[in-house]
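Enquirer: Following this message is one structure expressed as structure tokens.
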Amino acid sequence: MSEKAKIVLDNKEHDLPVVTGSENENAIDISKLRASTGYITIDPGYKNTGATKSAITFLDGEKGILRYRGYPIEQLAANASFMEVAYLLIYGELPNAIELQLFERSIKRHTLVHEDMKRFFEAYPAKAHPMGVLSSMVSSLATFYPESQNPDRNSEAVNLTIHRLIAKLPTLAAWSYKNSMRHPFMYPHNKLDYCENFLNMMFSMPTEDYEIDPVIVDALNKLLILHADHEQNCSTSTVRIVGSSQANLYSSISAGICALWGPLHGGANQKVIEMLLKIHIDGGNVDKWVEKAKDKNDPFRLMGFGHRVYKNFDPRAKIIKKSCDDVLEKLGVNDPLLDIAKKLEKVALEDDYFKERNLYPNVDFYSGIIYKALRIPTEMFTVMFAIGRLPGWIAQWKEMTENGEPIGRPRQIYTGYNDRDYVDVSKRK
Ligand code: CMC
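Residues in the sequence shown are numbered consecutively from 17, following the numbering used here.
Here it is as structure tokens:
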């Protein structure tokens, strides 16, 4: 590996430092390029730009590797609880038994949401998308806890905000669903663990208890772990950039929820099920839809296929596919959409268009089928992703803050008009 990169601009050679990560990933440090040469770099979509150094998640898209703080995602998904993984991402190490107990106890202590916030829900139309409701509610939390707005970022206050966020997000998420049904809200139950509590708030009614099924709890725990972090991406970078202005953590997370909502990011899980349903209703002709996805004059894309960084396979999709088979079998669910999904995957993987472009099923391809089997409504799928991704967003925000990173402020190449004079409205053509 070279220690310096050379760049020749206007016949002059400039040395640029090379930065190497702990997995031998190399980057050219261009942070002083403009100061020394007057040039900036351009990289729409940040496809080739390292926005930060981070010790949280390692991802190798070519080899299909994903690790949180060094631990392979396969081991965490098979053995850990979501609370352990949240602790690992945020505080850097797996908790010992006492640390885990204290963390879980603190989360349980903060699950209630201020009663005044319940009134906000009443103002939303029943058809309000729960992601819109969730991001507004999270943003509103900052107004209930003004100490969180203090930019001095005292670690005790930050820690309290972190615990409040993890504790309250499932309550707000379940209430946004109950609100859409115009059903009474169910309060959190602190005897239950994190996943059980969420399911109970979603599905129990004052008239009927919800029977917690360990198969469902286990599947949910796994899905949340698989979504917990994914290094730099649209929503995570949003959280970091919003936080870099010293905006409070609630506002930064609320912005992340908005970014996640888009169909090219977390919103894809909802779109996958809608697509499978459309293909099913249309008669299940998978080849026809694959052809549509390949047609450049047709805006249709195979949702749940392709990834900015995974160019071999998405390791999360591998785990989810297996979990999907297990869950459907254990719950005795026979979903025709699963057959369509399997056919689609097979046809697409054998097709040159998809092979040449390295388009493989991503994490969202199978997660929707599991959520459907768990009776989670389609519009809530991206909300589930947000609950899973929360510890990752928090860990990234915390790292950015603790490293004292500067405010995010990209440059641009201006392509508009040159200088011109103002013309009075009466004289304009
Ligand atoms: N169906 C058909 N063609 C596709 C698809 C697809 N799903 N994805 C990419 N392509 C084609 C695209 O048209 C382009 O072809 P060409 O080179 O001929 O112009 C080529 O593949 C490269 O695509 P791109 O849009 O330049 O790649 P990107 O890295 O900018 O986008 C992506 C990545 C995930 C946005 C994109 O693959 C996509 O839109 N997938 C469907 C949405 C989806 O499933 N999103 C969830 C991502 S996983 C969850 C998460 O972490 O957010």
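We put the CB at the ideal spot given by N, CA and C, even for glycine. Since the structure is predicted, the reported quantities are computational estimates derived from the model, not experimental observations.
1) Measuring only the C-alpha atoms, how far is V154 from C340?
2) Is the separation between the beta-carbon of F321 and that of P377 shorter than 8 Å?
3) Could you tell me which of P111, D435, L406 and I114 sits nearest to S151, measuring between CA atoms?
4) Helix, strand or coil: how does DSSP classify N42 here?
5) Go ahead and pull the three-state DSSP assignment for M221.
6) Cutting at 8 Å between CB atoms, please list the residues of its own chain near F160, excluding the five before and the five after it.
7) Measure the alpha-carbon distance for E7 versus T398 and round it to whole angstroms.
8) Which of helix, strand or coil does DSSP assign to V154?
9) Going by C-alpha to C-alpha distance, which of E41, G54 and I81 sits closest to T68?
10) If you measure between the beta carbons of A190 and M202, is that distance less than 8 Å?
11) Along the chain, where does the alpha helix (DSSP H) containing I356 start, and where does it finish?
12) Can you check the region 375-405 for any alpha helix (DSSP H) of at least 4 residues that lies completely inside it and give the ranges in chain order?
13) Go through its chain and collect everything with a Cβ distance to Y382's Cβ below 6 Å, but skip five positions before and after it.
14) Mapping DSSP to helix, strand and coil, what is T53?
15) Leaving out the 5 sequence neighbours to the left and right, which residues in its chain are closer than 6 Å to G424 when beta-carbon positions are compared?
16) With a threshold of 7 Å (Cβ to nearest heavy atom), would L185 be considered close to ligand 1?
17) Sorted by chain position, which residues of the same chain lie with C-beta nearer than 8 Å to V34's C-beta, five sequence neighbours on each side aside?
18) Terminal residues of the continuous beta strand (DSSP E) containing R436?
19) Using 8 Å for Cβ pairs, my map puts V379 next to R317. What's the rounded Cβ distance?
20) Verify the contact flag: H323, CB atom, against every heavy atom of ligand 2, threshold strictly below 7 Å.
21) Taking DSSP's pairing of strands, which residues face R83 in a bridge?
22) Distance, Cα to Cα, A51 vs N64?
23) Under a three-way DSSP split, which group does T187 fall into?
Expert: Quick answer:
1) Within the sequence shown, the letter at position 138 stands for residue 154. Within the sequence shown, the letter at position 324 stands for residue 340. Their Cα atoms are separated by approximately 31 Å.
2) Indexing the sequence shown from 1 puts residue 321 at position 305. Indexing the sequence shown from 1 puts residue 377 at position 361. Yes.
3) Reading the sequence shown from its first residue, position 135 is the one you call residue 151. Of the listed residues, the one whose Cα sits closest to S151 is L406.
4) Your numbering for residue 42 matches position 26 in the sequence shown. Strand, per DSSP.
5) Here residue 221 is taken as the residue at index 205 of the sequence shown, counted from 1. Of the three classes helix, strand and coil, the one that applies to M221 here is strand, per DSSP.
6) Taking the first residue of the sequence shown as 1, we reach residue 160 at position 144. These residues qualify, in order along the chain: H130, D132 and M133.
7) Since the first residue shown for the chain is 17 and the last is 445, residue 7 is missing from the structure and cannot be characterised.
8) As a working mapping, residue 154 is identified with position 138 in the sequence shown. Residue state, collapsed to three classes: helix.
9) Your numbering for residue 68 matches position 52 in the sequence shown. For T68, the nearest C-alpha among the options comes from E41.
10) Translated into positions along the sequence shown, residue 190 becomes position 174. Translated into positions along the sequence shown, residue 202 becomes position 186. A contact, by the Cβ cut-off of 8 Å.
11) Within the sequence shown, the letter at position 340 stands for residue 356. Where I356 is concerned, the enclosing alpha helix (DSSP H) stretches over P352 to E366.
12) 379-389
13) Looking up residue 382 in the sequence shown gives position 366. Closer than 6 Å at Cβ, skipping near neighbours: I336, K337 and C340.
14) For this step, residue 53 is matched to residue 37 along the sequence shown. The three-state reading of DSSP puts T53 in helix, counting H, G and I together.
15) One-based indexing of the sequence shown puts residue 424 at position 408. Here the set comprises I257 and S260.
16) The residue given as residue 185 occupies position 169 in the sequence shown. No, ligand 1 has no heavy atom inside 7 Å of this Cβ.
17) Counting from 1 along the sequence shown, the entry for residue 34 is found at position 18. The answer, listed in chain order, is M17, S18, E19, K20, A21, N42, A43, I44 and D45.
18) Start at 1 with the first residue of the sequence shown, and residue 436 comes out as number 420. Looking at the DSSP string, R436 is not in any beta strand (DSSP E), and its letter there is neither H nor E.
19) For the purposes of this step, residue 379 is taken as residue 363 along the sequence shown, with counting starting at 1. For the purposes of this step, residue 317 is taken as residue 301 along the sequence shown, with counting starting at 1. Between R317 and V379 the Cβ distance is about 16 Å, and since that is not below 8 Å, they are no contact.
20) Ligand 2 is absent from the structure shown, which contains only ligand 1.
21) Translated into positions along the sequence shown, residue 83 becomes position 67. R83 is bridged by DSSP to F74 and P88.
22) Counted from its first residue, the sequence shown places residue 51 at position 35. Counted from its first residue, the sequence shown places residue 64 at position 48. Cα-Cα distance, rounded: 21 Å.
23) Residue mapping note: residue 187 aligns to position 171 of the sequence shown, counting from 1. The answer is helix: DSSP assigns T187 an H, G or I state.
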